[in-house]
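*Asks:* To convert, count from 1 in the sequence shown and add 7; that's the numbering used here. Have a look at this one.
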Amino acid sequence: MKPWKLPRLLFFVSVVAISLPLENYLSAQHRYDLLIRSGHVIDPRNEIDGEMDVAVLDGKIAQVSQEIPPEEARRVVDATGLIVAPGLIDIHVHAFYGTEPHSDYSDGFLALPPDGFTLRSGVTTAVDTGGSGWRNFRRFKENVIDRSQTRILAMLNIVGAGMKGDPTEQDLNDMDPKLTAMMARQFPELIVGVKVAHYRGPEWDPVQRAVEAGGLADLPVMVDFGRHIPPLSLQELLLERLRPGDIFTHAYAEIDEREPIVGPDGRVRSFA
């Protein structure tokens, strides 16, 4: 079996998260556990974009500079021709996996265990979008977030029971802005937004309630907008219903029950 490798890319954050106690292997001249040499470092936060050396100590980045002596590291990796970057963030995944029948992406069979699909692709942080609601977020936290090596954040579904499919996701009575915001405020380090999705009715209520919850918790809203019967106005959604910083996901999806964002001339509509 050939070893797996990521062509042209080297995401170092995901592969140096664990290190042994220093006294087990560092001699006096070894200042670092690992040295990644001559890679093209892309680090927007620190405005780095060029060939650099990266030194790692005790699982953390210790130094980034143009030339670090290789003898100072216990292990040296040549990254010539590769991109070296911080771990990537995937802002739309469904990670609330489980074995509950008829639960779709909320403790059900359609969601996936994150560690099997994130770290190997350079993703170290992923955001579950709407799998859990205020009723079952604690189960998601205990069963998935707390047990994953991947850092998992969550956008809380405006539906209290989460993304369990129909008829659960059509229940306006389970879309509570105050309880959603209350749960988000209890876990500000994990809950980073509010999600609304899959509602088919002609009302704007799910969007309105999600935006209300986002306002109460000071969080952005992500909208999976489609399959409304009759279709709701995409222009009204973007220009009147959502706020700066909110997210329109699956933007280019072709759905019969939704106005497309691309017009018949093949161009993105002017209001978008």
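The beta-carbon is built from N, C-alpha and C at its ideal position, and this holds for glycine as well.
Label Leu246 either buried or exposed according to how many other C-beta atoms from any shown protein chain fall within 10 Å of its C-beta, with 16 as the threshold for buried.
*Replies:* That one is exposed.
*Asks:* Helix, strand or coil for Leu42 per DSSP?
*Replies:* strand
*Asks:* From Pro209 to Arg158, what does the alpha carbon distance come to, in whole angstroms?
*Replies:* 37 Å
*Asks:* Closest to Met59 by CA distance: which of Lys67, Ser72, Asp50 is it?
*Replies:* Ser72
*Asks:* Report whether the distance from the Cβ of Ser110 to the nearest heavy atom of the ligand SAH is below 7 Å.
*Replies:* Of ligands this structure carries none, so the ligand SAH is not represented either.
*Asks:* Comparing C-alpha positions only, which one of Met162, Ile236, Leu64, Leu249 sits nearest to Gly200?
*Replies:* Met162
*Asks:* Can you grab the Cα-Cα spacing for the pair Thr132 / Asp50, in whole Å?
*Replies:* 16 Å
*Asks:* How is the beta strand (DSSP E) around Val269 delimited, first residue to last?
*Replies:* Unbroken run through Val269: none, as it is neither H nor E.
*Asks:* My assumption, with CB atoms under 8 Å, is that Val166 sits in contact with Asp181. Please give the rounded CB distance.
*Replies:* 5 Å
*Asks:* Looking at C-alpha atoms only, which residue of Pro184, Gly129, Thr136 is the closest neighbour of His257?
*Replies:* Thr136
*Asks:* Rounded to a whole number of angstroms, what is the C-alpha to C-alpha distance between Lys67 and Phe194?
*Replies:* Answer to the nearest angstrom: the Cα atoms are 26 Å apart.
*Asks:* In chain order, which continuous runs of the beta strand (DSSP E) of length 3 or greater are located wholly inside the segment 227-251?
*Replies:* For the segment 227-251, the continuous beta strand (DSSP E) assignments of 3+ residues that do not extend past its boundaries occur at 228-231, in sequence order.
*Asks:* Quick one: what's got a C-beta closer than 7 Å to Glu264's C-beta in the same chain, skipping five residues either side?
*Replies:* Gly233, Arg234, His235, Ile236, Pro238
*Asks:* Using 8 Å as the Cβ pair cut-off and three pairs as the minimum, do the segment 172-191 and the segment 140-147 touch?
*Replies:* yes
*Asks:* Got a sec? Which residues, its chain only, sit under 8 Å from Glu261 by beta carbon, not counting five neighbours each side?
*Replies:* Pro267
*Asks:* Rounded to the nearest angstrom, how far is the Cβ of Gln177 from that of Tyr206, given a contact under 8 Å?
*Replies:* 6 Å
*Asks:* Contact between the segment 77-89 and the segment 146-155 is defined here as three or more beta-carbon pairs at a separation below 8 Å; is this criterion met?
*Replies:* The answer is no - the segment 146-155 does not touch the segment 77-89, with fewer than three Cβ pairs under 8 Å.
*Asks:* Under the rule that 16 or more other beta-carbon atoms within 10 Å means buried, what is Glu107, buried or exposed?
*Replies:* By the C-beta density criterion, Glu107 is exposed, having fewer than 16 other C-beta atoms within 10 angstroms.
*Asks:* With a CB to CB cut of under 6 Å and the five nearest residues on each side skipped, what residues in its chain are close to Asp97?
*Replies:* Val130, Ala133
*Asks:* Where does Phe144 fall in DSSP's three states?
*Replies:* helix
*Asks:* Ala62 and Leu6 - do their beta-carbons sit closer together than 8 Å?
*Replies:* Residue 6 lies beyond the residue range present for the chain, which begins at 8 and ends at 279; the question has no answer from this structure.
*Asks:* Could you round the C-beta distance between Arg44 and Pro76 to whole angstroms and report it? I think they count as a contact, below 8 Å.
*Replies:* So it is not a contact: roughly 10 Å between Cβ atoms.
*Asks:* Spatial neighbours of Glu30 within its chain, please: CB distance less than 8 Å, with the 5 preceding and 5 following residues excluded, ordered by chain position.
*Replies:* Any reading at Glu30 needs caution, since the residue's pLDDT is 45, under 50, leaving its predicted position unreliable; the model's value is listed next. Within the same chain, and ignoring the five residues on either side of Glu30 in sequence, no residue has its Cβ closer than 8 Å to its Cβ.
*Asks:* Could you tell me which residues DSSP pairs with Val48 in its beta bridges?
*Replies:* Gly57, Val91.
*Asks:* Classify Tyr259 as buried or exposed, calling it buried when 16 or more other Cβ atoms lie within 10 Å of its own Cβ.
*Replies:* exposed
*Asks:* Kindly list the residues whose CB is nearer than 8 Å to the CB of Val269, restricted to its own chain and excluding five residues on each side of it in sequence; keep chain order.
*Replies:* Within the same chain, and ignoring the five residues on either side of Val269 in sequence, the residues whose Cβ sits closer than 8 Å to its Cβ are Tyr259, Val275, Arg276.
*Asks:* Measuring straight from C-alpha to C-alpha, what distance separates Lys185 and Leu223?
*Replies:* 7 Å
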